[in-house]
Amino acid sequence: MQPGNFGELIRNVTRMRKDMDRVQEGLRSRYVEGRAGGDLVEATLNGRQELVKLTLNEKVLQPGQDG
0 MQPGNFGELI RNVTRMRKDM DRVQEGLRSR YVEGRAGGDL VEATLNGRQE
50 LVKLTLNEKV LQPGQDG
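Going by numbering that gives the first Met the number 0, the first residue of the sequence shown is number 0, and it counts up by one from there.
Take a look at the structure:
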């Protein structure tokens with residue numbers, strides 16, 4: 000590595016880190032919904048794979064019901 004390239008490398012790494020932070024923040028505002036058990040359970044996650052909503056149909060909580 001040439002001595003003059005180290006400063007440029009640091010600048011590129013800093014720029015790439017800022018770009019990654021911006022992309023990750025953008026993912027936080029994207030959502031994916033999934034359903035299971037004949038729509039008895041619904042989950043919503045953001046783009047960072049964080050659970051933001053979980054909905055259970057009332058049939059799930061009734062005793063003696065198989066769904």
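The beta-carbon is built from N, C-alpha and C at its ideal position, and this holds for glycine as well.
Unbroken alpha helix (DSSP H) run spanning residue i, endpoints
| i | result |
| --- | --- |
| Lys58 | Here Lys58 belongs to no alpha helix (DSSP H), and DSSP marks it neither H nor E. |
Where the beta strand (DSSP E) containing residue i begins and where it ends
| i | result |
| --- | --- |
| Leu44 | Val40 to Asn45 |
| Arg29 | It is not in any beta strand (DSSP E) - Arg29 carries neither H nor E in the DSSP assignment. |
6 angstroms Cβ shell around residue i - same chain, five flanking residues per side excluded
| i | result |
| --- | --- |
| Gly33 | Ala42 |
| Arg29 | Gly46 |
| Val22 | none |
Alpha-carbon spacing of residue i relative to residue j, whole angstroms
| i | j | result |
| --- | --- | --- |
| Arg16 | Asp38 | 40 angstroms |
| Leu26 | Gly63 | 41 angstroms |
| Glu49 | Leu8 | 33 angstroms |
| Gln61 | Val51 | 24 angstroms |
| Asn11 | Asp20 | 14 angstroms |
Below-8 angstroms beta-carbon distance, residue i vs any chain C residue
| i | result |
| --- | --- |
| Arg29 | Given the protein chain composition of this structure (a single chain), no chain C is represented. |
heavy atom of the ligand MN below 7 angstroms from residue i C-beta
| i | result |
| --- | --- |
| Val31 | For the ligand MN, the structure offers nothing, since it holds no ligand at all. |
Test item: CB-CB of residue i and residue j under 8 angstroms
| i | j | result |
| --- | --- | --- |
| Val31 | Leu55 | no |
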